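Residue numbers (the numbering used here): 18 to 119.
Quick reminder that beta carbons are idealized off the backbone N, C-alpha and C, glycines included.
These numbers were taken from a predicted model, which means no experiment stands behind them.
Some notes on the structure that comes next.
Here it is as structure tokens:
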């Protein structure tokens with residue numbers, strides 16, 4: 018069995034996030050620190066025990082985001098998956114669901 022976990026990096030809670038006045042977009046410049054989404058951490062915590070119950074199970078993690086957020090994929094890999102894939106894209110593109118899906 019193969020399990021694919023898709024993860025996302027989100028801004029740190031302590032960092033300032035600005036909102037555009039005319040649009041609902043979040044402005045996240047290069048100075049904002051990003052970390053792995055907490056809900057994605059829950060997913061990985063849940064699938065790793067499946068790997069121990071079913072021999073031959075492989076867990077892959079994929080992440081679409083900027084180069085500076087390598088720590089998100091490194092954090093995921095430290096939790097037990099077998100392989101990790103980082104598709105490098107700038108932050109504005111990785112926030113676009115259509116871009117990330119294609």
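Asked                                                                                                                    : Found
6 Å Cβ shell around residue 96 - same chain, five flanking residues per side excluded                                    : 61
Nonlocal neighbours in the same chain, by C-beta distance under 6 Å from residue 104, ignoring five residues either side : 81
Rounded distance between the beta-carbons of residue 20 and residue 90, thought under 8 Å                                : About 16 Å separates the two Cβ atoms, so there is no contact after all.
Counted within 10 angstroms of its Cβ, other Cβ atoms place residue 83 as buried (16 or more) or exposed                 : buried
Whole-angstrom C-beta distance between residue 78 and residue 94, which should lie under 8 Å                             : 7 Å
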